[in-house]
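What follows is a set of notes on a single structure, which appears directly below.
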Amino acid sequence: MASKMNCWEVKKCGKVGKCPASTLSSADGYLGGRNAGRSCAYVTGTFCAGMVQGTFKEKEKNCSVCDFFLMVKKEEGTAMNAITFMDHVKKREARH
Ligand code: SF4
Numbered sequence: 014m015a016s017k018m019n020c021w022e023v024k025k026c027g028k029v030g031k032c033p034a035s036t037l038s039s040a041d042g043y044l045g046g047r048n049a050g051r052s053c054a055y056v057t058g059t060f061c062a063g064m065v066q067g068t069f070k071e072k073e074k075n076c077s078v079c080d081f082f083l084m085v086k087k088e089e090g091t092a093m094n095a096i097t098f099m100d101h102v103k104k105r106e107a108r109h
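Take the position in the sequence shown, starting the count at 1, then add 13; the result is the number in my numbering.
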C-alpha cells in the first residue's frame, strides 16, 4: 500500500519546520500523517497558497477547494473530520 502522503510532499511548499502543520506533534499519526501533515485543514496559521491562513473561516473556504484536502478526504472518507482530529490531539496531549 502506498505510504500516506503529507501536505508538504504533495504541495512542495518548502515550509516544513516553519508551518504549524509540519510541527504540530500532538497531531502526529492522525490519518497516518507526520504531525498535522494529513490534517492541515484543522490547523490555523498554516502557510498555504503563500499566505498565513489565520482563521478557520479562511481555511474552510480555501481547504474545501484544495487538491490535497480533497485527496485525503477521498482516501480517508468519514474518518477525516474535526472531531476525530481534536480527539486525537487531546489524547496525545494527555499522554505528555
Ligand atoms: S499546510 Fe500548506 S504550507 Fe503548511 S506544510 Fe502543509 S502544504 Fe505546506
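Using N, Cα and C, we set each Cβ at its ideal position, and we do this for glycine too.
Note that the structure is predicted; figures quoted are calculated from it, not measured.
Helix, strand or coil at residue i according to DSSP, with G and I counted as helix
i: residue 59; result: strand
Opening and closing residue of the alpha helix (DSSP H) in which residue i lies
i: residue 100; result: 95-108
i: residue 35; result: 33-36
i: residue 83; result: 80-89
i: residue 70; result: 69-76
i: residue 23; result: 20-24
Integer Cβ distance of residue i from residue j, believed to fall under 8 Å
i: residue 19; j: residue 36; result: The pair is not a contact, with the Cβ atoms about 12 Å apart (cut-off 8 Å).
i: residue 43; j: residue 109; result: In fact, because the Cβ distance is near 15 Å, the residues do not count as touching under 8 Å.
i: residue 59; j: residue 32; result: 5 Å
From the options, residue whose alpha carbon lies closest to that of residue i
i: residue 26; options: 38, 77, 70 and 81; result: 81
i: residue 99; options: 17, 31, 56 and 50; result: 56
i: residue 52; options: 107, 92, 106 and 104; result: 92
i: residue 106; options: 39, 29 and 17; result: 39
i: residue 72; options: 95, 41, 87 and 90; result: 95
Original post:
Quick one, what's near ligand 1 if you take every residue whose CB is closer than 5 Å to any heavy atom, in chain order?
Top reply: Any residue whose Cβ sits closer than 5 Å to a heavy atom of ligand 1 makes the list: 20, 21, 24, 26, 28, 32, 34, 35, 53, 59, 60 and 61.
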